[in-house]
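Asks: Before I ask anything, here is the structure I am working with.
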Amino acid sequence: MKQPRLVVVGNGMAGIRTLEELLKLAPGMYDITVFGAEPYPNYNRILLSPVLAGEQDFDDIVLNPLSWYADNGITLHLGKQVTRIDRARRRVLAADGTEAAYDRLLLATGSLPFILPIPGKDLKGVIGYRDIDDTRTMIEAAKVKRRAVVIGGGLLGLEAANGLMHITRQRLHIDLTTASERGRPAGITPPGTAPRQNPHPGVPALLRSPREPGHREWRRHP
Ligand SMILES: Cc1cc2nc3c(=O)[nH]c(=O)nc-3n(C[C@H](O)[C@H](O)[C@H](O)COP(=O)(O)OP(=O)(O)OC[C@H]3O[C@@H](n4cnc5c(N)ncnc54)[C@H](O)[C@@H]3O)c2cc1C
């Protein structure tokens, strides 16, 4: 009997982990097709920061090499972004015209970084931090640029700043900005207050909030 067709949109951590479990529980149950907008096999996005910091290479963080897809009979469409789902005909369509029919459809497309809707957001050199291309863009920029501004003092903002400091051996001047005192990064304290523990002591995080009422400037504590 013909296997039902499973199409997975999103070649990321959740989608492929699901397939790994499925292949363990019910090998051969589905005829599987995967669409991935990125032109790479599935990799561990969580480890992008060590790649940025120069501690690991992309190959080190690949979770499933191309051979894994082939060994499991998975049809893989890399670098193909699905732009349409035709539910009536049960088909997905990618931007380049590639189509695949499905009986079951799994959407595992992750998320996108929030880019502030402000003038300048579309300028060259303004990026989010989400994938290996963003990471490589930062690595290349850090070779020739002298200043970086990291907007957002959460986990990824600090990891980006920390990684940039590592690869440039602290040559790069980094401004780390966040919107409010409440949103300030761990380890950054307003003047005159006791420092909290800094998880990334190497980051010279000069924290500047916008020049508007309530503006504050924080210093890095050692
Ligand atoms: C630098 C960094 C560090 C992180 N650190 C941590 C951490 O320490 N701990 C933690 O828990 N989480 C961490 N995260 C978050 C974690 O990586 C995500 O929660 C996780 O990757 C989500 O998995 P996902 O499969 O839902 O999405 P993703 O891994 O983003 O995969 C989605 C995939 O779908 C593809 N896609 C999207 N739209 C389409 C389309 N239309 N057609 C085809 N393909 C499409 C995308 O290109 C992407 O490859 C980190 C993230 C980053 C960026």
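Counting with our numbering, you get residues 13 to 234 for the letters of the sequence shown. Glycine included, every Cβ here is placed at the ideal spot set by N, Cα and C.
#1: Quick one: grab the DSSP three-state call for I200.
#2: Between Q68, A107, L184, T87, which has its C-alpha nearest V156's C-alpha?
#3: Could you tell me the distance, in whole angstroms, from the CA atom of D134 to the CA atom of E50?
#4: Could you check where the beta strand (DSSP E) with D43 kicks off and where it finishes?
#5: Following a CB-centred definition, is T121 positioned closer than 7 Å to any heavy atom of ligand 1?
#6: Please name the residue or residues paired with H178 in a DSSP beta bridge.
#7: Report yes if the CB atom of L172 is closer than 8 Å to the CB atom of L59, and no otherwise.
#8: I'd like the span of the alpha helix (DSSP H) that includes D71, first residue to last.
#9: Return yes when at least one heavy atom of ligand 1 lies under 7 Å from the C-beta of S79, else no.
#10: Is Y141 near ligand 1, judged by its Cβ being under 7 Å from some heavy atom?
#11: DSSP state of D83, grouped into three classes?
#12: Less than 8 Å between the CB atoms is what I'm expecting for F47 and V21, so what's the real figure, rounded?
#13: Which same chain residues end up closer than 7 Å to A106 when comparing Cβ atoms and leaving out the 5 residues on each side of it in sequence?
Replies: Considering the structure as presented:
#1: Confidence is the limiting factor: at I200 the pLDDT is only 47, short of 50, which leaves the residue's position unreliable and the question unanswerable from this model.
#2: L184
#3: 21 Å
#4: 43-48
#5: yes
#6: H178 pairs with nothing; no bridge assigned.
#7: According to the sequence provided, residue 172 is Ala. The question's Leu does not apply to it. No.
#8: 70-73
#9: no
#10: yes
#11: helix
#12: 5 Å
#13: F47, H89, K92, Q93, V94, T95
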